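Novice: Residue numbers (the working numbering): 143 to 303.
Even for Gly, the Cβ is constructed at its ideal location relative to N, Cα and C.
Small disclaimer: the values here were computed from a predicted structure and weren't measured.
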């Protein structure tokens, strides 16, 4: 094994600055803080620090703050987008759309102070649709899991095509 082979197997990490370069999302909907490991065409492991300062906690729920399940799924989808964007060329006119969620299950609440680990594995790409297995964990316990389907479009393209 050559040194270059060994380097290609080292997972990539991304800080918030690179995440902001790759994703169009901004506060308050940017839900990935760091990429801990990224293996192009295979998997991503990302981190979301859950803070009481998140705007949704004011109403969900005032006496017992819990991160909404749809936002947990959104954080997984953003992680999938980072995996996809690491694999193909894109520019600021490229958008990533959720097109399906199968088998979503919520198994643990996510609360302020939690660190959510987002694990997404590439399953397949067919006819413009990317499919992923996704799992969010807190302290090694599964909080949510789902199969995600996404597509990449350029702004101005009909999202229904």
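Near residue 211, which residues of its chain fall below 7 Å by C-beta distance, leaving aside the five closest residues on each side in sequence?
Specialist: Same-chain partners within the cutoff: 248 and 286.
Novice: Fully enclosed by the segment 175-250, which beta strand (DSSP E) runs are 3 residues long or longer?
Specialist: Runs of the beta strand (DSSP E) inside the segment 175-250: 176-181, 185-191 and 236-248.
Novice: Mapping DSSP to helix, strand and coil, what is residue 124?
Specialist: No answer is possible for residue 124: it lies beyond the span of the chain, which begins at 143 and ends at 303.
Novice: Can you have a look at residue 290 and say buried or exposed, based on whether 16 or more other CB atoms are within 10 angstroms of its CB?
Specialist: Buried is the call here.
Novice: Check this for me: beta carbons of residue 261 and residue 185, under 9 Å apart or not?
Specialist: Contact flag set, yes.
Novice: For residue 170, which residues of its own chain have a beta-carbon under 6 Å away from its beta-carbon, when the five flanking residues on both sides are left out?
Specialist: If we look at residue 170 and ignore the five residues flanking it on each side, its Cβ neighbours are 197.
Novice: Find the nearest neighbour of residue 203 within the set 275, 276, 252 and 265, judged by alpha-carbon distance.
Specialist: Comparing Cα-Cα distances from residue 203 to each of 275, 276, 252 and 265, the minimum goes to 252.
Novice: Decide if residue 192 is buried, meaning its Cβ has at least 16 other Cβ atoms within 10 Å, or exposed.
Specialist: Flag for residue 192 reads buried.
Novice: Can you confirm whether the segment 227-241 touches the segment 277-285 when touching is taken to mean that 3 or more C-beta pairs between the two stretches lie within less than 8 Å?
Specialist: Short answer: they don't touch.
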